[in-house]
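Residue numbers (our numbering), protein chains in the order written: chain A, 427 to 782; chain B, 427 to 782.
Glycine residues also receive a C-beta, built at the ideal position from the N, C-alpha and C atoms.
First up is the structure itself, then whatever we jot down about it.
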DNA sequence: TAGCGGTGCTTAACCGGTTAAGCTATTAAT
DNA sequence: ATTAATAGCTTAACCGGTTAAGCACCGCTA
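Here it is in structure tokens:
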């Protein structure tokens with residue numbers, strides 16, 4: 427049913443090869459009469475021919491697609507817009523560079539079950555290197571072995587929003603430790619001493635680094651951090667009671683500020699604090715991380731440490747494509763500096779616009 | 427470099443064909459000794475063989491991937507979580523069913539420029555039918571010709587969050603007209619008569635239907651809708667001054683309620699109203715559409731008409747896959763009923779939880 | 001008028017799989 | 001003992017492209 431190159435060749439009265447040469451325009455190695463060229467292009471037009479990408483990919487050994495590999499699809503369950511902004515950057519870059527974006531969700535195919543081969547990483551490498559994508563952006567946990575395994579298999583990949591000490595791995599990350607320090611220093615500079623940190627899951631590199639930044643800043647300021655002031659919020663559906671309970675203490679003992687490891691968590695916490703009758707920022711200052719678009723529209727607008735998600739995603743994609751096309755071999759490791767976006771949730775230097 | 431089926435065959439001392447039969451387990455047509463099977467599986471394991479998806483796809487004529495085709499990548503620029511929830515549903519379904527998800531962002535390839543063929547739809551059909559995906563979910567404008575063109579080309583696709591009068595097209599949509607009525611009736615039932623509708627871009631089918639629902643409900647209640655009470659918000663970066671200006675009128679003439687066509691717009695509007703010194707819901711009631719997770723965390727929590735985005739996305743994906751595997755030919759057209767999620771932004775029947 | 005070089009196209013192998021058809025050796029039937 | 005059937009594998013064509021190598025033809029030079 428679908429029209430192939432053979433059909434075009436037949437109609438134009440030439441061989442498949444000639445059609446291929448015309449369509450790919452390798453003028454250097456092949457000469458073709460204008461008359462023949464016209465006949466072929468006419469045939470292409472008349473038949474509505476378009477090359478089959480699988481066949482083309484099979485010989486050329488390139489697919490024109492990049493995979494995004496996530497730890498879990500649950501990244502899409504957040505609401506703060508981190509993944510939106512990431513995907514926005516990725517898709518814009520993909521359109522600009524003429525690539526497709528593949529969300530890698532495929533489970534091991536037919537043959538793995540036969541092999542009682544329980545190694546997930548090996549399977550994932552196998553699936554990713556099966557020819558459908560030319561490279562991958564990895565949005566994974568920090569200690570995930572996939573990046574290393576792909577590199578070993580000679581498959582180009584770049585870690586995004588993560589980094590590695592392995593000098594062979596490419597990455598585009600934010601300096602999360604610095605970000606943690608910036609957030610904490612901001613709170614300290616506003617006079618806060620009893621600061622709660624709502625940190626992310628331990629498997630998350632960014633979460634760990636932000637926590638280190640927090641501890642570092644506290645230490646530099648000679649401030650104590652009671653063990654229970656660090657509360658882990660491992661996922662979106664986590665239990666926040668431990669965190670909220672800290673604020674049921676008598677005013678004297680109560681923490682006065684919260685550094686949340688993500689905007690999601692910050693927004694959730696603000697909502698819970700308000701439910702407890704506490705006012706942000708008057709009773710409690712809250713600072714988030716990412717400074718996504720939503721921060722302008724929370725109440726109060728959320729002060730947050732900005733990492734340029736869109737730009738980082740775009741950069742990573744562009745970098746990967748240039749790695750593919752130029753066949754560069756020396757790893758690029760980018761670490762972007764975050765910066766503070768002051769809004770109202772820390773009752774800070776900004777003049778409050780509302781009049782109530 | 428990469429290990430092929432030929433390598434496995436060589437090592438196991440059999441032919442390529444035998445390897446293929448073993449790996450695909452077509453017991454019916456081929457008999458293979460346990461001993462041979464073991465030899466082959468050992469070879470597969472030892473060499474770390476994994477089939478090339480392009481070669482396999484070329485003969486089998488299936489790719490194991492589904493495309494998501496968006497109008498513009500700008501869908502990722504929203505912040506309310508609509509696209510998050512959609513992608514969450516899609517990716518969960520993809521994982522469950524063993525498919526990959528391809529974001530269709532590829533621009534016309536090499537050959538189109540040769541053909542001065544300006545027809546975008548034709549090009550998109552060509553790209554989508556090039557073998558890399560088995561079907562597509564179309565998140566497009568209502569009058570977009572792509573669905574029809576794909577169907578004509580025999581390529582399975584399903585419209586999502588949109589519908590068509592063409593009985594040959596498959597779709598999974600929400601009854602947006604009913605949704606518009608529900609939202610409007612809710613405001614009317616709370617005593618509002620001067621209601622502003624912030625509608626979406628005219629190219630958007632859902633936006634149009636919600637507006638019709640709004641007008642319908644107003645009409646049924648014998649309420650007038652001044653022309654300027656309908657304000658189009660075509661995109662995220664739109665100018666809201668026209669909408670805000672309506673609320674600068676003397677209290678008597680002022681509208682008392684806003685029905686925003688999306689949560690994004692509702693949240694933005696709440697934020698602008700507050701900036702003008704107006705209180706939601708005391709001075710102005712605001713109702714949104716979608717009822718995304720974020721609505722629980724705005725201030726006040728946003729009353730919104732719920733369309734079950736996750737479920738609809740999951741359903742559409744599942745439907746498409748079953749269409750592919752069962753080769754069903756009679757179109758399925760689903761229209762889900764929306765329902766009202768009452769929160770606080772309309773100052774409604776709900777008991778306000780906050781104590782201030 | 002043989003020899004040479006260039007032009008314009010074709011042939012055929014190949015990419016890495018799938019699968020119908022065929023071949024051989026063994027077993028069962030007569 | 002001869003034939004038929006069957007198990008177990010191989011051969012070879014094919015999917016739809018790419019591309020190195022080859023070939024026929026022409027004009028030009030010597």
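Quiz item: Cα-Cα, which of 746(A), 618(A), 725(A), 760(A) is closest to residue 705(B)?
Solution: 725(A)
Quiz item: Exposed or buried, what is residue 676(B) when buried is set at 16 or more other beta-carbons lying within 10 Å of its beta-carbon?
Solution: exposed
Self-check item: Which listed residue (749(B), 503(B), 462(B)) has its alpha carbon closest to that of residue 758(B)
Solution: 749(B)
Self-check item: Of the listed residues 664(B), 516(B), 555(B), nearest to residue 503(A) (C-alpha basis)
Solution: 516(B)
Quiz item: So what's residue 450(B) in DSSP terms, helix, strand or just coil?
Solution: helix
Quiz item: Looking at the structure shown, is residue 591(B) part of a helix, part of a strand, or coil, going by DSSP?
Solution: coil
Quiz item: Going along chain B in order, which residues have a C-beta closer than 8 Å to the C-beta of residue 527(A)?
Solution: 528, 529, 531
Quiz item: residue 685(B) and residue 659(B) look like a contact to me (Cβ under 8 Å); what is the Cβ gap, rounded to whole Å?
Solution: Not really, about 12 Å apart at Cβ, beyond 8 Å.
Practice problem: Return the Cβ separation of residue 476(B) and residue 578(A) in integer angstroms, given the expectation that the two are a contact with Cβ distance under 8 Å. | Solution: Contact doesn't hold; Cβ gap of about 15 Å is too wide.
Quiz item: Quick one: is residue 561(A) near chain B, going by C-beta distance under 8 Å?
Solution: no
Exercise. State the CB to CB distance for the pair residue 769(A) and residue 727(A), rounded to an integer number of angstroms; the pair is presumed to be in contact (CB under 8 Å).
Key: 4 Å
Quiz prompt | Where residue 591(A) meets chain B, residues with beta-carbon distance less than 9 Å | solution = Simply none; closest approach about 26 Å.
Quiz prompt | Rounded distance between the beta-carbons of residue 490(B) and residue 447(B), thought under 8 Å | solution = The Cβ separation is near 20 Å, so there is no contact.
Quiz item: Which residue spans inside the region 544-581 of chain A form an unbroken beta strand (DSSP E) run of at least 3?
Solution: 561-565
Quiz item: residue 760(B) by DSSP, collapsed to three states: which one?
Solution: strand
Quiz item: Grouping DSSP H, G and I as helix and E and B as strand, with all else coil, what is residue 664(A)?
Solution: coil
Practice problem: Starting from residue 460(B), follow the alpha helix (DSSP H) in both directions and report where the run begins and ends. | Solution: 460-473
Quiz item: Hey, residue 718(A) and residue 508(A): beta-carbon distance below 8 Å or not?
Solution: yes
Exercise. Have a look at residue 662(A) and residue 500(A) and give me their C-alpha separation to the nearest angstrom.
Key: 9 Å
Exercise. Provide the residue(s) that pair with residue 732(A) in DSSP beta bridges, ordered along the chain.
Key: 716(A), 765(A)
Quiz item: Does the beta-carbon distance from residue 598(A) to residue 745(A) come in below 8 Å?
Solution: yes
Quiz prompt | Counted within 10 angstroms of its Cβ, other Cβ atoms place residue 723(A) as buried (16 or more) or exposed | solution = buried
Quiz item: Nearest to residue 465(A) by alpha carbon, out of 753(A), 441(A), 649(A)?
Solution: 441(A)
Practice problem: Could you tell me whether the Cβ atoms of residue 711(B) and residue 624(B) are closer together than 8 Å? | Solution: no
Practice problem: Identify which residue in 444(A), 642(A), 470(A) has its Cα closest to the Cα of residue 459(A). | Solution: 444(A)
Quiz item: For the candidate residues 591(B), 640(B), 566(B), 561(B), whose alpha-carbon lies nearest to that of residue 582(B)?
Solution: 561(B)
Quiz prompt | Span separating the alpha-carbon of residue 436(B) from that of residue 574(B) | solution = 49 Å
Exercise. Could you confirm whether any beta carbon from chain A is found closer than 8 Å to the beta carbon of residue 513(B)?
Key: yes
Quiz item: Residue range of the alpha helix (DSSP H) that residue 433(B) falls in?
Solution: 431-438
Quiz item: By how many angstroms is the C-alpha of residue 484(B) removed from the C-alpha of residue 429(B)?
Solution: 18 Å
Quiz item: Would residue 770(B) count as contacting chain A if we go by Cβ distances under 8 Å?
Solution: no
Quiz prompt | Those residues which DSSP pairs with residue 597(A) across a bridge | solution = 585(A), 759(A)
Practice problem: Below 9 Å between beta carbons is the criterion; list the residues of the region 714-733 of chain B that meet it against any residue of chain A, in chain order. | Solution: 718, 719, 720, 722, 723, 724, 725, 726, 727
Exercise. Check residue 711(A) in the structure and name its three-state DSSP category.
Key: strand
Practice problem: Determine, using beta carbons only, whether residue 477(B) comes closer than 8 Å to chain A. | Solution: yes
Exercise. Could you tell me which residues DSSP puts in a beta bridge with residue 526(A)?
Key: 491(A)
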